[in-house]
Each structure stands twice: as structure tokens, then as C-alpha cells.
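Numbering (UniProt numbering), first residue to last: 1 to 223. Each residue gets a CB set at the ideal place from its N, CA and C atoms; glycine is no exception. Here the structure is a predicted model, which is why all the values come from computation and not from measurement.
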Amino acid sequence: MSDQTTPRLRRRAFLAGSAAAASLATAGCLGGGGQEQQTLETPATGTDTTTGDLLPTPVRGDPNADVTVIVFEDYACSHCRDYSLNVAPEIISKYAEPGDIRYEFHDFPIPVDATASWEAACAARAVQATEGQDAFFEFSKALFEAQSDLGADTYERLANDAGFDGSAIRTAALQRTHEPTVRADRQLGQQAGVTGTPTVAVNRQVVRPTVSDISSAIDGELA
1 MSDQTTPRLR RRAFLAGSAA AASLATAGCL GGGGQEQQTL ETPATGTDTT TGDLLPTPVR
61 GDPNADVTVI VFEDYACSHC RDYSLNVAPE IISKYAEPGD IRYEFHDFPI PVDATASWEA
121 ACAARAVQAT EGQDAFFEFS KALFEAQSDL GADTYERLAN DAGFDGSAIR TAALQRTHEP
181 TVRADRQLGQ QAGVTGTPTV AVNRQVVRPT VSDISSAIDG ELA
């Protein structure tokens, strides 16, 4: 694959029609329809995708908590950006950091962008593989912040800014070193019935990706 990846997202028009607005997952980036079912068929709460050479599911909070929040996202999805930068931090601060929930991140490249959706996910997983889980979540946030400029130069710059080996992360993204892990996550989502991003479920019950709806669902499970 060429090392001349350039930003692809400035001209991308994201799909967010009336069907998405009416779905339980609210308006989002779609892959064949909105998120209409109320319960994810799989994975069961607490599912980990560690198999063979696959990386483990990135988790915040208490890995053994009774309440699991499962999130499926695409790095090129504008609604995932809004969720990750404005909603997830509040949920993580209020519930994951105190240890009340297990918060799982899952890749689900629709793909909104045929190149960036996959490469960005692989870049983040490369950070997870070399720097650990906390670094993954920080890099993931940085990717969403830089969503309009996703590409090889951005992956390298963000990694260097964080003190990582930017050249190695760039290479891992372009060669899609961790694509098996990303594909396994996507397959997990498809088996669960996920069709759009972001999809958020609390103990497998799909909820709208808003602070109020997620908090209400979590509080109900904790009661």
C-alpha cells in the first residue's frame, strides 16, 4: 500500500437520514440501515475478543463489573466523533473511573471511508499493542479530534506528539498490521446486529448515545 495516504474526509458526506433519527441508536453513520433492535444478540456482557494473535478488547473501569457498556465506533464517522468527544468522557468519568461499570470499545468500520476507517483503527490498535490500554484510549480520542485530517501523516504526528514511535505507528496503519483484530470486532458487531455507529448498549440493551440515556440505563442496572 502506498505511503502517500492523504486526508480523505473533507469531502465526505455522512449518511444521517430520517431512519437513523427514528432508530434507538439515534442519528449516526449507517451501514445498511439504522440500529433498530432493542437488544444486541451478542456479545454477552463482558465478552472479550482475545483469540490467538488478536488484541484484547480495550476496557475502562472494572473488568468484572456487573454492568457493561459496549460501544461500536468508526473513526471516520462524524457522529462517533461527537459521541467520543462529548458523551463518552462524561460516562467514563461518572461510572467507569469509580469502578461501577465495565466500558468496552469495539471497532466497527462500516466503513464510512474505505481507507481511513480501517487505517485509523489499525493505528489505534498498534498503539494498544505497543503502549497499552490507557495509551489506546488517549490515541483514540486524538484520532477523533483530528478526524478531518485522517491519513498517514496524521497517525505519525499524533503518535510522536504522545511520545510514541510515530514511524512504527504509521507503518502499522498503512500495512494494516492489526486488521485481523479490527475485522474480528466488526464481525462481532455484525453477529450482534449492529448496522450503524455509534451503537451503545448497556448490558446488551441498545440505548441512544446521549449522556442522559446512557446514564439512565446504567442507573437502572445499578439500582
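Residue environment for Thr-39: exposed (fewer than 16 other C-beta atoms within 10 angstroms of its C-beta). Only buried fits Gly-151, as 16 or more other CB atoms lie within 10 angstroms of its CB. When secondary structure is reduced to three states using DSSP, Asp-53 falls in the coil class, being assigned neither helix nor strand. Distances from the CA of Val-67 to each of Gly-99, Ser-140, Asp-134 and Glu-131 were compared; the closest alpha carbon is that of Gly-99. Beta-bridge partners assigned by DSSP to Leu-222: none are found. Nearest to Val-127 by C-alpha distance, out of Asp-161, Gln-147 and Ala-65, is Asp-161. Assignment of Val-211 by DSSP, reduced to helix, strand and coil, places it in the helix class. Thr-195 and Phe-72 have their C-alpha atoms some 10 angstroms from each other. Here DSSP, grouped into helix, strand and coil, assigns His-178 to coil. In this structure, Tyr-103 sits near Gly-61, with a CB-CB distance shorter than 7 angstroms.
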